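Enquirer: Each residue of the sequence shown is one higher than the one before, counting from 8 in our numbering.
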Amino acid sequence: MRIRRTDTSIGATIDDVDLAELDSAAFRDIYRAWLEASVLRFRDQVLTKEELQAFSERFGPLEYAPMGKITDEQRANVPNPFVTNISNIIEDGRPLGGLGSGEANWHTDMSYIERPPTASILMAIEVPEVGGDTEYCDMHAALESLPAELSDHARTLSIKHDAAHDSVGALRRGFEHSASPMDAPGCVHAMVRRHEESGRDALYLGRRQDAYIPELGLDESEALLDKIWGYVALDGHRWVQQWRKGDVVMWDNRSVMHRRMSFPASNRRLMHRTQVRPVV
Ligand SMILES: [Fe+2]
Numbered sequence: 008m009r010i011r012r013t014d015t016s017i018g019a020t021i022d023d024v025d026l027a028e029l030d031s032a033a034f035r036d037i038y039r040a041w042l043e044a045s046v047l048r049f050r051d052q053v054l055t056k057e058e059l060q061a062f063s064e065r066f067g068p069l070e071y072a073p074m075g076k077i078t079d080e081q082r083a084n085v086p087n088p089f090v091t092n093i094s095n096i097i098e099d100g101r102p103l104g105g106l107g108s109g110e111a112n113w114h115t116d117m118s119y120i121e122r123p124p125t126a127s128i129l130m131a132i133e134v135p136e137v138g139g140d141t142e143y144c145d146m147h148a149a150l151e152s153l154p155a156e157l158s159d160h161a162r163t164l165s166i167k168h169d170a171a172h173d174s175v176g177a178l179r180r181g182f183e184h185s186a187s188p189m190d191a192p193g194c195v196h197a198m199v200r201r202h203e204e205s206g207r208d209a210l211y212l213g214r215r216q217d218a219y220i221p222e223l224g225l226d227e228s229e230a231l232l233d234k235i236w237g238y239v240a241l242d243g244h245r246w247v248q249q250w251r252k253g254d255v256v257m258w259d260n261r262s263v264m265h266r267r268m269s270f271p272a273s274n275r276r277l278m279h280r281t282q283v284r285p286v287v
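#1: If you check the beta carbons only, do Met-117 and Ser-262 fall under 7 Å apart?
#2: Mind listing which residues have their beta carbon within less than 7 Å of any non-hydrogen atom of ligand 1? Chain order is fine.
#3: Rounded to whole angstroms, what's the CA-CA distance from Glu-133 to Leu-225? Just pull it up for me.
#4: Under 7 Å between the Cβ atoms of Ser-228 and Ile-235?
#5: Short of 7 Å in beta carbon distance, which residues of its chain neighbour Arg-11, apart from the five on each side in sequence? Order them along the chain.
#6: Give a single yes or no on whether Asp-159 has its beta carbon closer than 6 Å to a heavy atom of ligand 3.
#7: Please classify Gln-81: is it buried, with 16 or more other beta-carbons within 10 angstroms of its beta-carbon, or exposed?
#8: Run the CB neighbour count on Ala-218, radius 10 Å, all protein chains shown included, and call it buried at 16 or more, exposed below.
#9: Comparing C-alpha positions only, which one of Ser-269, Phe-66, Thr-55 sits nearest to Gly-107?
#10: Who are the near neighbours of Phe-62 in its chain, counting only those whose CB is closer than 6 Å to its CB and skipping five residues on each side?
#11: Hey, could you find the ends of the beta strand (DSSP E) Ala-7 is sitting in?
#12: If you draw a straight line from the alpha carbon of Leu-165 to that of Asn-84, how long is it in whole angstroms?
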């Protein structure tokens with residue numbers, strides 16, 4: 008197994024490994040590399056959904072994929088609620104998965120719940136000819152880039168993370184648009200969070216849409232969020248994943264945000280996804 012860091016502050020590629028056949032020493036090295044690089048890419052993997060699930064479960068118990076408000080009965084009808092499809096493909100008039108082919112804005116997965124997933128893992132089954140890249144940005148670096156006064160202020164504040172919209176801005180099942188970010192549903196988290204395992208502080212912004220700083224009035228909140236978002240994804244703090252079939256990419260939602268570039272709707276893109284619950 009070979010681990011190569013990228014030339015930016017995040018990301019590493021790991022070669023010569025089969026994620027379906029990992030011994031515990033290799034897993035320990037992967038875990039350490041994940042904490043250090045925040046985003047890992049494994050190429051040329053051939054994993055069934057069950058094997059992807061088994062690899063993911065080595066990092067902790069899995070989180071259900073976000074499906075909006077659904078009943079236990081509806082959830083019971085989902086073939087595997089832990090390994091889901093991200094796809095624009097329509098088969099027999101029904102979408103094979105979520106999120107379509109549009110651009111997905113910068114976000115952290117499921118930050119609107121009390122205990123958001125630590126790791127998210129994607130495996131490329133079908134990739135478009137062009138577009139559909141996933142870009143990551145370093146949120147430890149974003150915090151360090153803030154001027155001291157702004158950083159000190161950020162440490163005193165929190166953010167309410169909107170639960171109503173997904174990363175392409177569409178409403179989740181069972182939710183409605185809010186008249187104001189102040190009224191949007193979702194959990195409140197500290198704006199600066201300490202990574203439980205590395206001990207490093209990071210900005211924790213979730214996503215921009217309908218975010219709100221409860222300590223401030225709406226206008227102040229909007230202005231401050233815009234200002235802080237100006238320090239996100241600066242040069243040297245980003246890494247782009249251009250997908251090849253068989254790529255598995257996992258990232259740490261406590262340390263990075265991600266976004267997806269759009270791709271032609273006529274191209275097919277299919278990813279399998281898992282998410283890991285926090286254990287500490
Ligand atoms: Fe996401």
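Ideal placement from N, C-alpha and C gives every residue a C-beta, glycine not left out. The structure presented is a predicted model; accordingly, all values stated were derived computationally and were not measured.
Expert: The relevant details are as follows:
#1: Cβ distance not < 7 Å, so Met-117 and Ser-262 don't count as in contact.
#2: Every residue passing the under-7 Å Cβ criterion appears here: Ala-111, His-114, Asp-116, Ser-127, Ser-174, His-265.
#3: Those two C-alpha atoms are separated by around 43 Å.
#4: Contact: no.
#5: Excluding residues within five positions, the ones whose Cβ falls inside 7 Å are Ala-19, Thr-20.
#6: Judged by which ligands are present, ligand 3 is missing from the structure shown, whose ligands are ligand 1.
#7: Gln-81 comes out exposed.
#8: With a threshold of 16 other beta carbon atoms within 10 Å, Ala-218 meets it and is buried.
#9: The shortest Cα separation from Gly-107 among Ser-269, Phe-66, Thr-55 belongs to Ser-269.
#10: Closer than 6 Å at the Cβ level, and outside the excluded window around Phe-62, lie Leu-26.
#11: Residue 7 is absent from the structure shown; the chain starts at 8 and stops at 287.
#12: The question names Leu, but residue 165 is Ser in the sequence shown. Roughly 37 Å separates the two Cα atoms.
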